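Below you'll find the structure, written out as structure tokens, and then a few comments.
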Amino acid sequence: MSSNGPAQKMTARASGPLKGRADVPGDKSISHRSLILGAMAVGETRIAGLLEGDDVLDTAKAMAAFGAEVEHHGPGEWSVRGVGVGGFGEPEQVIDCGNSGTGVRLIMGAMATSPITATFTGDASLRSRPMGRITDPLGLFGARAFGRDGGRLPMTIVGASDPVPVDYVTPMASAQVKSAVLLAGLNAPGQTVVTERVATRDHTERMLRGFGAEVETERTEDGHRIVLTGQPELKPQTITVPRDPSSAAFPVCAAIVVPGSDVLVPNIGLNPTRAGLFQTLQDMGADLTFENEREEGGEPVADLRARYSPDMKGIDVPPERAASMIDEYPILSVVASFAEGATVMAGVHELRVKESDRIDAMAVGLRACGVTVDETEDSFTVHGMGPGGVPGGALAEARLDHRIAMSFLICGMAANKPVTVDDAGPIATSFPIFEQLMRDLGAQLVRSNG
């Protein structure tokens, strides 16, 4: 069952070439942070290009529940009148974050150093995900967490009444953990320090500076060190959200594996902490080029042109690249199925604790499509079958995971037989226009009730 009702099966079958322009939605990571930091600023923040998927809309509702004035002015156009750092009020209702691990973890961080209490829940997928990685460092500030089953939602956070700054080394490569600690540090006196062994996406640091916070970063022997000076007065901003590279991955990868395709995906954010997939595709021999490269709002942006690429070869993806493409391994494993030779993806244990166990979900589904996949706790290897070599003909389980659902639908567009996902409903959490966008390019998608 999807997070929003009965399961919605969807089938993808081979079509003619995919052609045209794919205008994907705004970046989900930046959309979440725009709303949260807007709510913590003093004055009105204006946001254009906000992703209006379920995950981000749930964050908008949460910011309103904490006292910010959040208004929708038209497609992608929003405003947030913030309450200032430390100004959150106690919500009257449970905060439902739906399917969004990013939303719930960042919001927990933002409220954890205010003297208020809030209870969080989500859909079945989110309730199964571990929250200890967030609540452990928030406890160092003085917050307390009361969850179920070893630290899962529903969970109540009692914010620190007298927060103290922390010096924290993240035990895993996670932008969510880093960002939660930095957001908590906003309302703690003095300096909060986060050290990452592997640098993760840096949207939070960039946006904090844009809102007027003092944030310093440096490379050290231990990795990457971020120092935030607490208790600033954040200044409202006018934000144009670049389009989401994680959403762009799907039409880009579809064009690469569907014969004869040529697709332009404009205005894509190419922050180096997010662009690992595109480098990996080029390393495999994909016909992928960056056009009109520029900078918007402090973020590098370009138009991506992807063409059918029948000569791709499997590669060993550098493990140190994992943090910059962690959400893109499911669709990469589909592309790897149509390459020649093995593609080895190592250092990806974080995939085990996403919306689903993404290593297992992709391995099981690809095997059902006739692809050989090996997996370990921290890696998986796809043995490519070359262009036109994937049999398909499977029913793949999406496991309430939007990226798994979309990945198998892309697989069906190039496989010899159609591929069906058992529930396409979760796609709306991050890419609500996916179905129509792919149809407009020429994809053959058929929806049916579960």
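First residue of the sequence shown: 1, per UniProt numbering; consecutive thereafter.
Ideal Cβ placement from N, Cα and C applies to all residues, glycine included.
Note that the coordinates shown come from a computational prediction; the quantities given were computed from them, not determined experimentally.
Opposing strand residues paired with R228 [DSSP bridges]:
For the record, residue 228 in the displayed sequence is Leu; it is not Arg. Beta-bridge analysis with DSSP links L228 to T192, V215.
Contact check, G442 vs L18, beta carbons under 7 Å:
A contact, by the Cβ cut-off of 7 Å.
So, with DSSP's three-state summary, where would you put D222?
The three-state secondary structure of D222, taken from DSSP, is coil.
What does the Cβ neighbour count give for G74, buried or exposed, with the cut at 16 atoms within 10 Å?
Flag for G74 reads exposed.
Whose C-beta lies closer than 7 Å to the C-beta of P319 among residues of the same chain, with five residues either side of it excluded?
Contacts found: A346, G347.
Sequence-distant residues of its chain with Cβ nearer than 6 Å to E218 (five each side left out)
Take E218, set aside five residues on each side of it, and the residues of its chain with a beta-carbon closer than 6 Å to its own are R225, in chain order.
Decide if P171 is buried, meaning its Cβ has at least 16 other Cβ atoms within 10 Å, or exposed.
It counts as exposed.
Measure the beta-carbon distance from G38 to G82 and round it to whole angstroms, keeping in mind my assumption that it falls under 8 Å.
The Cβ separation is near 6 Å, so the contact holds.
Span separating the alpha-carbon of V301 from that of V166
Here the C-alpha atom of V301 lies approximately 34 Å from the C-alpha atom of V166.
Mind listing, in chain order, the continuous alpha helix (DSSP H) runs of no fewer than 4 residues lying wholly within the segment 271 to 337?
For the segment 271 to 337, whole alpha helix (DSSP H) runs of length 4 or above, ordered along the chain, are 276 to 283, 329 to 337.
Using the rule of at least 16 other Cβ atoms within 10 Å of the residue's Cβ for burial, across every protein chain shown, is Q176 buried or exposed?
Per the 10 Å Cβ criterion, buried.
Can you list, in chain order, the residues of its chain whose CB lies under 6 Å from that of V193, leaving out five sequence neighbours each side?
Around V193: D167, V227.
How far does the beta strand (DSSP E) with residue 526 in it reach, from first residue to last?
Since the first residue of the chain shown is 1 and the last is 450, residue 526 is not available in this structure.
Roughly how far, in whole angstroms, is the beta-carbon of residue 455 from the beta-carbon of M10, given that I think they are within contact range, below 8 Å?
This structure cannot settle anything about residue 455, because the visible part of the chain is limited to 1 through 450.
Taking the straight line between their C-alpha atoms, what separation do you get for R307 and G20?
Near 11 Å, if we compare the C-alpha coordinates of G20 and R307.
Whole runs of the beta strand (DSSP E) within the segment 94 to 125, excluding any shorter than 3 residues
Listed in chain order, the beta strand (DSSP E) elements of length 3 or more contained wholly in the segment 94 to 125 are 117 to 121.
Could you check whether A184 and T229 sit closer than 7 Å to each other, using their CB atoms as the reference points?
It is not a contact, given that the beta carbons lie outside the stated cut-off.
Can you give the Cα-Cα distance for P266 and T240, rounded to whole angstroms?
Approximately 15 Å, taken between the alpha carbons.
Residues of its chain near M413, where Cβ-Cβ distance is below 7 Å and the 5 sequence neighbours each way are ignored
A12, A14, S15, A254, V258, A443.
If we call anything under 7 Å between Cβ atoms a contact, is M63 one with V56?
Not closer than 7 Å, so no.
Which term fits E377, buried or exposed, when burial requires 16 or more other beta carbons within 10 angstroms of its beta carbon?
Answer is exposed; the Cβ neighbour count stays below 16.
In the DSSP assignment, find the unbroken beta strand (DSSP E) run with S379 in it and report its ends.
Here the beta strand (DSSP E) through S379 covers 379 to 385.
For L140 and V42, the rounded distance between their alpha carbons:
Whole-angstrom Cα-Cα distance: 27 Å.
Selected residue, minimal CA-CA separation from L270, among V263, A394, S324:
With distances taken between Cα atoms, L270 lies closest to S324.
Of the residues G76, I359, L126, G86, which one's Cα is nearest the Cα of D96?
Selected option, being the one with the closest Cα: L126.
Using the beta-carbon count (16 or more within 10 Å), is N449 buried or exposed?
Exposed.
Please report the distance separating the alpha-carbon of F146 from that of T156.
Rounded to the nearest angstrom, the two C-alpha atoms are 5 Å apart.
How about L395 and T420: are their beta carbons less than 7 Å apart?
Yes, the pair counts as a contact, with Cβ atoms nearer than the cut-off.
Let me know if Q237 comes out buried or exposed under the rule of 16 or more other beta-carbons within 10 Å of its beta-carbon.
The residue in question, Q237, is buried, as its Cβ has 16 or more Cβ neighbours within 10 Å.
Taking the alpha carbon of V334 as the reference point, which residue from D303, T381, E291 has its own alpha carbon closest?
Nearest C-alpha to V334: T381.
To the nearest angstrom, report how far apart F431 and V24 are at their CA atoms.
Taking the straight line joining both Cα atoms gives about 8 Å.
Starting from A248, trace the alpha helix (DSSP H) in both directions and tell me its first and last residue.
Element bounds for A248: 245 to 257.
So which of A361, S379, H383, D360 has the shortest CA-CA distance to V371?
Nearest option by C-alpha distance: H383.
Limits of the unbroken alpha helix (DSSP H) element including H32
Where H32 is concerned, the enclosing alpha helix (DSSP H) stretches over 28 to 40.
Since I believe D27 is in contact with T429 (beta carbons under 8 Å), could you give me their beta-carbon distance rounded to a whole number of angstroms?
The pair is not a contact, with the Cβ atoms about 14 Å apart (cut-off 8 Å).
Can you tell me the Cα-Cα spacing of P137 and T59, whole angstroms?
For the pair P137 and T59, the Cα-to-Cα distance works out to about 22 Å.
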